[in-house]
Amino acid sequence: MRKLWIDTDTASDDAVALLMALREPSVQVLGISVVMGNVSLERAVRNALISVERAGTYAPPVYAGANKPLYRNTDFAVVCHGVDGLSDRGYPDPALKAATGNAVDAMLACARANPGEVELVTLGPLTNVAVAAFKDLESFRCFKSVTIMGGALRMPGNWSPVSEFNIIVDPEAAEAVFHAGVPVILAPFEICTGESLFLQEDRDRMATASEAGAFAVDCNTVLIEYGKRLGLNGLCLADPAAMAVVLWPEIVREQQETYICVETAGKYTTGMVIYDYIDHLHRPHNGNVIQRIDGPAFKEKTIRCLSK
0 MRKLWIDTDT
10 ASDDAVALLM
20 ALREPSVQVL
30 GISVVMGNVS
40 LERAVRNALI
50 SVERAGTYAP
60 PVYAGANKPL
70 YRNTDFAVVC
80 HGVDGLSDRG
90 YPDPALKAAT
100 GNAVDAMLAC
110 ARANPGEVEL
120 VTLGPLTNVA
130 VAAFKDLESF
140 RCFKSVTIMG
150 GALRMPGNWS
160 PVSEFNIIVD
170 PEAAEAVFHA
180 GVPVILAPFE
190 ICTGESLFLQ
200 EDRDRMATAS
210 EAGAFAVDCN
220 TVLIEYGKRL
230 GLNGLCLADP
240 AAMAVVLWPE
250 IVREQQETYI
260 CVETAGKYTT
270 GMVIYDYIDH
280 LHRPHNGNVI
290 QRIDGPAFKE
300 KTIRCLSK
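Its first residue numbered 0, the sequence shown is counted upward by one per residue in the numbering used here.
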């Protein structure tokens with residue numbers, strides 16, 4: 000069975016990705032580390048615990064990690080996910096409690112105990128992951144791979160004209176992770192648009208599939224409205240699209256090995272992922288960029304996963 004570690008700034012789309020991973024029988028989630036981003040660290044931990052409970056399967060340990068970026072201040076994504084990160088729907092506090100100990104230490108211990116076996120999946124800013132690489136690079140390199148939901152490569156950004164939220168919150172952390180020596184799989188924002196958007200009929204199917212499906216739709220009410228501001232006519236589930244690439248790699252239709260880096264000092268371009276797809280920079284390739292997925296298959300597999 001494949002082994003995952005998930006790092007998340009749990010808000011509404013992260014919640015769906017957690018449900019998917021915990022309900023997919025071919026993988027085992029060994030642990031969840033939480034970082035600030037969409038919401039404060041305290042809210043993100045609470046939302047992760049709620050999501051684990053709503054999955055209705057098993058409960059991997061949930062660890063609290065970084066409560067701020069490496070060097071910057073940040074604004075939370077209230078406009079995308081609501082004040083509490085789950086569309087302010089009034090979900091009760093979870094019965095589960097966070098695990099004791101530091102997220103970075105737990106992440107590194109998991110990698111050391113399972114060398115070359117654990118796939119790291121990141122759904123938020125990369126602060127925890129960068130700190131892990133800084134603290135113990137040898138242990139960090141025990142991860143088999145790191146799949147990152149981040150960047151907007153062939154479309155405008157969702158948080159600046161050129162930058163996607165997870166990267167711009169802590170661009171220095173992203174730059175460090177891209178060059179840390181663990182194979183990078185980058186799942187950019189655009190793969191959850193187009194045919195991957197959950198239209199009304201898709202959301203209706205999901206909502207009636209199970210209690211988990213109903214939660215997945217309900218907690219994304221604010222994100223649906225925010226998507227309209229971006230010109231999107233459906234629910235755009237970025238983190239679930241990245242998770243789908245991990246869970247069901249057969250949905251990937253186009254990908255490219257290339258050099259990727261992050262702009263950290265631009266006047267207007269901070270947080271922009273540089274995707275050197277025609278090799279202008281002549282640098283060694285350090286990432287596999289997912290360019291296109293089978294949108295209908297992604298939606299169908301997600302709905303089926305939440306129906307079980």
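For glycine and all other residues, C-beta sits at the position ideal for the given N, C-alpha and C.
From the listed residues C109, I167, T257, K266, the smallest Cα separation to H279 is found for T257. Boundaries of the beta strand (DSSP E) around I259: 251 to 261. If you draw a straight line from the Cα of L18 to the Cα of E262, it comes to about 33 angstroms. Secondary-structure assignment with DSSP links D6 through a beta bridge to S32, T121.
R1 sits in a strand when the DSSP states are folded into three classes. If you check the CB distance, D238 and D12 come in under 9 angstroms. Ranked by Cα distance from D217, the first of A243, E52, A14, L3 is A14. Nearest neighbour of A132 by Cα position, chosen from V181, V272, L95, W158, turns out to be V181. Spanning the alpha carbons of F139 and A76 requires a straight line of approximately 29 angstroms.
Judged by DSSP in its simplified three-state form, M148 adopts strand. As the crow flies, the alpha-carbon of A208 is around 12 angstroms from that of E200. Considering only L85, D6, A175, the residue with the shortest C-alpha distance to Y62 is D6. The DSSP-derived three-state label of D238 is helix.
In the displayed model, V128 falls within a helix according to three-state DSSP. Secondary structure note for N287: its beta strand (DSSP E) is the uninterrupted segment 286 to 292. In this structure, the beta-carbon distance from N127 to V145 does not fall below 9 angstroms.
If you draw a straight line from the Cα of A65 to the Cα of V34, it is about 5 angstroms long. Taken through DSSP and simplified to helix, strand or coil, I223 comes out as helix. Secondary structure note for L185: it is in no alpha helix (DSSP H), and the uninterrupted beta strand (DSSP E) holding it is 183 to 186. By the beta-carbon neighbour count (other beta carbons within 10 angstroms, threshold 16), V78 is exposed.
Under DSSP, A63 shares a beta bridge with V33. For M148, the closest of P187, P114, A112 by C-alpha to C-alpha distance is P187. Take the alpha-carbon of N46 and the one of A206: they are about 19 angstroms apart. As DSSP reads the structure, Q27 sits in a beta bridge with K2. According to the DSSP assignment, V103 belongs to the alpha helix (DSSP H) that extends over 102 to 112. In the three-state scheme derived from DSSP, where H, G and I count as helix and E and B as strand, F197 is classed as strand.
Take the alpha-carbon of P24 and the one of M242: they are about 14 angstroms apart. With contact defined as three or more Cβ pairs closer than 8 angstroms, the stretch 97 to 113 and the stretch 155 to 166 are not in contact.
One alpha carbon belongs to I259, the other to H284, and they sit about 7 angstroms apart.
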